[in-house]
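Data block below; observations after.
2 protein chains.
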Amino acid sequence: MSELWYTEKQTENFGITMKIKRTLHTEQTEFQHLEMVETEEFGNMLFLDGMVMTSEKDEFVYHEMAAHVPLFTHPNPENILVVGGGDGGVIREVLKHPSVKKATLVDIDGKVIEYSKKYLPEIAGKLEDPRVEVKVGDGFLHIAESENEYDVIIVDSTEPVGPAVNLFTKGFYAGISKALKEDGIFVAQSDNPWFTPDLIRNVQRDVREIFPITNLYICNIPTYPSGMWAFTIGSKKYDPLQAADERFHEIDTKYYTKELHKAAFVLPKFVKDLTK
Amino acid sequence: MSELWYTEKQTENFGITMKIKRTLHTEQTEFQHLEMVETEEFGNMLFLDGMVMTSEKDEFVYHEMAAHVPLFTHPNPENILVVGGGDGGVIREVLKHPSVKKATLVDIDGKVIEYSKKYLPEIAGKLEDPRVEVKVGDGFLHIAESENEYDVIIVDSTEPVGPAVNLFTKGFYAGISKALKEDGIFVAQSDNPWFTPDLIRNVQRDVREIFPITNLYICNIPTYPSGMWAFTIGSKKYDPLQAADERFHEIDTKYYTKELHKAAFVLPKFVKDLTK
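From first to last, the protein sequence lines are chains A and B. Residue numbers for the first sequence follow numbering that gives the first Met the number 0, beginning at 0 and rising by one. Residue numbers for the second sequence follow numbering that gives the first Met the number 0, beginning at 0 and rising by one.
Pasting the structure below:
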């Protein structure tokens, strides 16, 4: 019997390849090429424009690290915005914090939400929670129209090609600052230091111009390029490294711990050099 | 023009694939299948039995983390043994410590040493250092014949299939304990928590029976399975987490820092659970 393998080119000259059981859905949406695939190794996986977005097996890493670092840094996160993230994984983690009263998701592509609910129910299930408002629309415009509103904004975007290109600009970071309350915190996924060092360097530089506390933290995601994934954090008031220990309470995680919250900011030398 | 890609299956159902410029050397040695390949993304790479051993682009991570964690934990490392590691990368890092008087390399396969010198000179070059003794032979036997001799032993082996199978046994760890001085330290590469959790759990359990201080630390290596690589450390006296700060002096590294020395032991929750 023949085998079907899905190969993602992560750079021009390197990729990962996965044996698949079957393709669940494939569609050219208004914004991107969407594929939902059932793999042997990682369970169901979502691809956009040929790039891995999430997999059932390793999704917890990205979603926990995107949500818990800012939400444990803020002393009382109540109103949260997630830009992108239509698979619902960041929202699921956000809702684990009892302080959260409202979580808004703004994803430009309703099809991502629709098919995540259908094929990634463990990830997307919490989008139905009464505290969640789901908006299909342009995150850049939503940010531009918001002022002094959010405690935490998490940018869970695709790469800066295609629909997410506006989400990697100084204008966007300035808008985020305006949309945040005076003690707000912002986190954005920032690709990886091995293959996209310039992206990390540029985002750090741009965010630092706007947020008094800017830093970078990393985690390990097997299905993402290089296995090392970076997040930029920009904060108006609270330092993520000073997050008060007494605020860490028991939440159910598989990757994040209160010790890892701080260790994730201890960067390998060549990565630290990108933040200078 | 056609393109040549080299695919390594890291599990039955998952792999990495690399565009190659050319194959530099391929040979069935007495012990394993050796391939030296020039890749576009990672420079020259060594494969044994189809598994990535090292690449010019990311080799520094493995070699620094294998060497500097035990050598900075020991207050005065003078006599070092590397089992395996015929590419010479661990030896190169060991020699950065001015206290080191002698470093012995025992690799079972002389062909690995020979072709690493030829095609990976930046990695293998220090094998010519006068402080280094290179032995082509069985590391298991060398350990069995050594007593109260080494300050640090680093096991830089292939996976526990083929020639390295003896290097993942309780008998080997007992031999290492005997070969070490009374305050000696031992480090072994221990594969990755995502695809081989049982290996990590078993090695931790076996080493803990012999060494009073046993721990696990991790690093990120893009060309290794899952991008997260683990090392087991067993120590008779010195705790790697108590390594004295004043002993960290300036050495030339790209990954290791004195802060990362400790942060590397802060494990994601699902990894920490493997060490219990």
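For each residue, glycine too, the CB sits at the ideal point set by N, CA and C. Everything numeric in this text was worked out from a predicted model, so none of it was measured.
Beta carbon of residue i nearer than 8 Å to that of residue j
| i | j | result |
| --- | --- | --- |
| A66/B | V89/B | yes |
| H260/B | V68/B | yes |
| E92/A | E63/A | yes |
| E34/A | F46/A | yes |
| G84/B | I107/B | no |
| P304/A | N201/A | Absent from the model: residue 304/A. The displayed extent of chain A is 0 to 275, so no value can be given. |
| S54/B | N75/B | no |
| E77/A | K100/A | yes |
| T231/B | A187/B | yes |
| C218/B | A263/B | yes |
| G49/B | H24/B | no |
| T16/A | G226/B | no |
| N12/A | E40/B | yes |
| D150/B | I79/B | yes |
| N165/B | Y118/B | no |
| P196/B | N214/B | no |
| P211/A | K235/A | yes |
| W193/A | P221/B | yes |
| G170/A | I209/A | no |
| I199/B | A229/B | yes |
| G183/A | I153/A | no |
| E258/A | V265/B | yes |
| K134/B | V105/B | yes |
| A284/B | T72/B | In the structure as shown, chain B starts at 0 and stops at 275, and residue 284/B therefore has no counterpart that could be examined. |
Range of the contiguous alpha helix (DSSP H) that encloses residue i
| i | result |
| --- | --- |
| S115/A | G109 to Y118 |
| E258/B | K257 to A262 |
| I90/A | G88 to V93 |
| F13/B | Unbroken run through F13/B is the beta strand (DSSP E), F13 to Q27; no alpha helix (DSSP H). |
| K268/A | K268 to K271 |
N-terminal and C-terminal residue of the beta strand (DSSP E) that residue i is part of
| i | result |
| --- | --- |
| N75/B | Looking at the DSSP string, N75/B is not in any beta strand (DSSP E), and its letter there is neither H nor E. |
| D106/B | K101 to D106 |
| Q9/A | L3 to T10 |
| G233/B | M227 to S234 |
| L47/A | G42 to L47 |
| I212/A | I212 to N219 |
| L198/A | It is not in any beta strand (DSSP E) - L198/A instead sits in the alpha helix (DSSP H) that spans P196 to R207. |
| T38/B | H32 to T38 |
| S54/B | M50 to S54 |
| V135/B | V131 to V135 |
Proximal chain A residues relative to residue i, where beta-carbon distance stays under 7 Å
| i | result |
| --- | --- |
| E40/B | T10, N12 and F13 |
| T6/B | T16 |
| A262/B | A262 and V265 |
Chain B residues whose Cβ lies nearer than 8 Å to that of residue i
| i | result |
| --- | --- |
| T252/A | K268 |
| V258/A | Note on identity: in this sequence residue 258/A is Glu, with Val being the wrong assignment. Here the neighbours are V265. |
Proximal residues of chain B, C-beta to C-beta of residue i below 7 Å
| i | result |
| --- | --- |
| L45/A | Simply none; closest approach about 17 Å. |
| A65/A | Chain B residues near A65/A: none, gap ~15 Å exceeds 7 Å. |
Where residue i meets chain A, residues with beta-carbon distance less than 9 Å
| i | result |
| --- | --- |
| Y255/B | P267 and K268 |
| A242/B | None at all; the shortest Cβ gap to chain A is about 15 Å. |
Runs of beta strand (DSSP E) wholly within the region 143-181 of chain A (minimum 3 residues, chain order): 149-155
Near-chain B residues of the region 203-236 of chain A (beta-carbon distance less than 7 Å), N- to C-terminal order: N219, P221, S225, G226 and M227
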